[in-house]
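Report on the following structure.
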Amino acid sequence: MLRRSCVAQPRLINRRAVLGALLAAGVLAASGCGESGGRARVPVPRASGDEDVESTGLMGAIEGVARDAAQLATGARGSIDLTLDPPLKLDVCRALRTPSAAGRSGTLQLTSQLDPKEKETFPAVMVWADLGESSLEALVGKTVPATLFIQREETSGTWHSPLASPVMLQVAAVDSLTVTLKLENIPLARADGEEQVTINGTLVGAIQ
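Numbered per mature numbering (1 follows the signal peptide of the UniProt record, and there is no 0), the sequence shown spans residues -29 to -1, 1 to 179.
So, in structure tokens, the structure goes:
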């Protein structure tokens, strides 16, 4: 089984609740409820004096809702194409990024697991990359150190890149929905150490 890295993730606001609130506001506006003239006014809280209003969580949730809607509209699920023998092709790849903060490096995780709450599916692929203090967008065209794990079947052994020295993967492209990583001559070894291969490929992660 692939082991997931136990890195604390920020607590997320329920996207469905936010989406419901946004849809409700849209319905009110469309139906002409509120002030005369057919426009509804949505009250916006304001900070005064020493009040500190934190909107990062809400804005992040709204951005996440918009991104999810765009992914549904475009069918963006990501993809994995690796030159193993036989070749490994998957039509799903999630990308989870954590920005740098408080002297801590930013990270990018790509995984073939569509829903982390569901039972792990196979073939399974996981990439863990260190972004340093740079944003993902600033790294386009550059390489980042990463560790790669692959497991074809639940009962088969795990392939992994060298654990003592991360491999370098190229950040080929980034947009609002996806991030693309290129693999060139990446060495992999079986967990039992009895077999080694070199692979190439492309991972397109749908940003969550």
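For every residue, glycine included, the Cβ atom is placed at its ideal position computed from N, Cα and C. From a predicted model like this one, the values you see are computed outputs, not experimental measurements.
Buried versus exposed call for THR82 [16 or more other C-beta atoms within 10 Å across all chains shown]: For THR82, the number of other beta carbons within 10 angstroms of its own is at least 16, and it is reported as buried.
Other residues of its chain near VAL145: CB distance less than 7 Å, five sequence neighbours each side excluded: LEU107, GLU108, VAL111
Counted within 10 angstroms of its Cβ, other Cβ atoms place GLY164 as buried (16 or more) or exposed: Classification of GLY164: exposed, given that the 10 Å Cβ count is below 16.
Among VAL98, GLY128, THR126, GLU125, the one whose alpha carbon lies nearest that of THR118: VAL98
Whether ASP52 touches GLY176 by CB criterion (7 Å): With contacts defined by Cβ atoms closer than 7 Å, ASP52 and GLY176 do not form a contacting pair.
VAL168 burial status per 10 Å Cβ neighbour count (16 or more: buried): exposed
C-beta contact flag for LEU61 and ARG68 at 7 Å: no
N-terminal and C-terminal residue of the beta strand (DSSP E) that LEU67 is part of: Counted as a single uninterrupted DSSP element, the beta strand (DSSP E) harbouring LEU67 occupies residues 65 to 69.
Delimiting residues of the beta strand (DSSP E) encompassing VAL111: VAL111 -> no beta strand (DSSP E), and no H or E assigned at all.
Test item: CB-CB of LEU174 and CYS64 under 7 Å: yes
Span separating the alpha-carbon of SER76 from that of PRO137: When only Cα atoms are considered, SER76 and PRO137 end up about 15 Å apart.
Interface flag, GLN141 vs chain D, CB-CB below 7 Å: Chain labels in this structure do not include chain D; a single protein chain is all it has.
Simplified DSSP assignment, three categories, for GLY103: The answer is strand: DSSP assigns GLY103 an E or B state.
Supposed contact pair PRO158 and SER132 - C-beta distance, whole angstroms, cut 8 Å: 6 Å
Inter-residue spacing [alpha-carbon to alpha-carbon] between GLY103 and SER71: Linking GLY103 to SER71 through their CA atoms gives a straight-line distance of about 7 Å.
Own chain residues within Cβ distance below 8 Å of GLU166, not counting five before or after: ALA160
Endpoints, the beta strand (DSSP E) within which GLU155 is located: In the DSSP assignment, GLU155 falls within the beta strand (DSSP E) that extends over 149 to 161.
Per-residue DSSP class, three states only, for ARG75: strand
Status (buried if at least 16 other CB within 10 Å, exposed otherwise) for ALA66: The residue is buried, with at least 16 neighbouring Cβ atoms inside 10 Å.
ARG123 vs PRO94 beta-carbon contact at 7 Å: If you check the CB distance, ARG123 and PRO94 come in under 7 Å.
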